[in-house]
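When we follow numbering that gives the first Met the number 0, the leftmost residue of the sequence shown carries the number 0, and every step to the right adds one. Have a look at the structure below, then the notes.
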Amino acid sequence: MPKNTEDNRPVRVKNRRVHFANERTFLAWIRTSIGIMAFGFVVEKFALFLKQAAYYLGAAGVRGGGAHPGALAGPPSPGYSSVLGILLVGLGALMALLAFVRYKRVEKQIDEDLYRPSVILDTLLTISVLAIGIFLMIYLLHSI
0 MPKNTEDNRP VRVKNRRVHF ANERTFLAWI RTSIGIMAFG FVVEKFALFL KQAAYYLGAA
60 GVRGGGAHPG ALAGPPSPGY SSVLGILLVG LGALMALLAF VRYKRVEKQI DEDLYRPSVI
120 LDTLLTISVL AIGIFLMIYL LHSI
């Protein structure tokens, strides 16, 4: 049975707005993780599109009678885009799991009136977005 406060309302009812704020924060983290997974999926599928286009363009150049510098002898090797896409999907799934753990931990802290902010999820998101940005900049600079 929940403890009652001085105004005879249960602690959970008294902190209802704080719990709603915690739930909104959790849902924001879930949206962020879904966005990262979707971006990873797009990066992976775009890499597949580029591989197929390069393969067909190379095969058409060989069949046309003359080999051109971009002609490929066989199927293209996997590139950085595929690896990055898979890592992004995994990162998004990990972030969703960490968001749930954080949500439950904060919920318990609110009920006990002992809230302590945690920076693990914030740090993970910041570092991962920074690393992805740097990787994409390097990748785009090499493709010029």
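C-beta atoms are modelled at their ideal positions from N, C-alpha and C, and glycine is treated no differently. It should be emphasised that the depicted structure is a prediction, and the values quoted were computed from it without experimental measurement.
Proximity of residue i and residue j at Cβ, strictly below 8 angstroms
i: A147; j: F40; result: Because the chain is modelled from 0 through 143, residue 147 falls outside the range shown and cannot be assessed.
i: S117; j: L90; result: no
i: T14; j: I143; result: A small fix is needed here, since residue 14 is Asn in this sequence, not Thr. Contact flag unset, no.
i: F134; j: L83; result: yes
i: V42; j: L93; result: no
i: Y138; j: Y79; result: yes
Distance cut-off 7 angstroms: residue i Cβ against heavy atoms of the ligand MN
i: K103; result: Among the ligands in the structure shown, none appear at all, so the ligand MN cannot be discussed.
Exposed unless 16 or more other CB atoms sit within 10 angstroms - verdict on residue i
i: R101; result: buried
i: V105; result: buried
i: A27; result: exposed
i: F19; result: exposed
i: G57; result: buried
i: L120; result: buried
i: T125; result: exposed
i: M36; result: buried
i: R16; result: exposed
i: L140; result: exposed
i: A72; result: For A72, the predicted structure reports a pLDDT of 49, less than 50, and the residue's modelled location is therefore unreliable. A value from the coordinates is still provided. The residue is exposed, with fewer than 16 neighbouring Cβ atoms inside 10 Å.
Among the options, the one whose alpha carbon lies nearest that of residue i
i: A95; options: A20, S32 and V42; result: S32
i: N21; options: A130, G132, K107 and L140; result: K107
i: P49; options: Y114, L129, S81 and M136; result: Per the sequence shown, the amino acid found at residue 49 is Leu instead of Pro. Looking at the Cα atoms, S81 is the closest of the given residues.
i: I131; options: I85, I29, Y114 and K103; result: I85
In chain order, each beta strand (DSSP E) run of at least 3 residues that lies wholly inside the stretch 96–142:
The beta strand (DSSP E) runs lying completely inside the stretch 96–142 and spanning 3 residues or more number zero.
Would you mind listing the alpha helix (DSSP H) stretches within the stretch 5–46 that are 4+ residues and don't spill past its ends, in chain order?
The stretch 5–46 is shown to contain whole alpha helix (DSSP H) runs of 4 or more residues at 10–13, in chain order.
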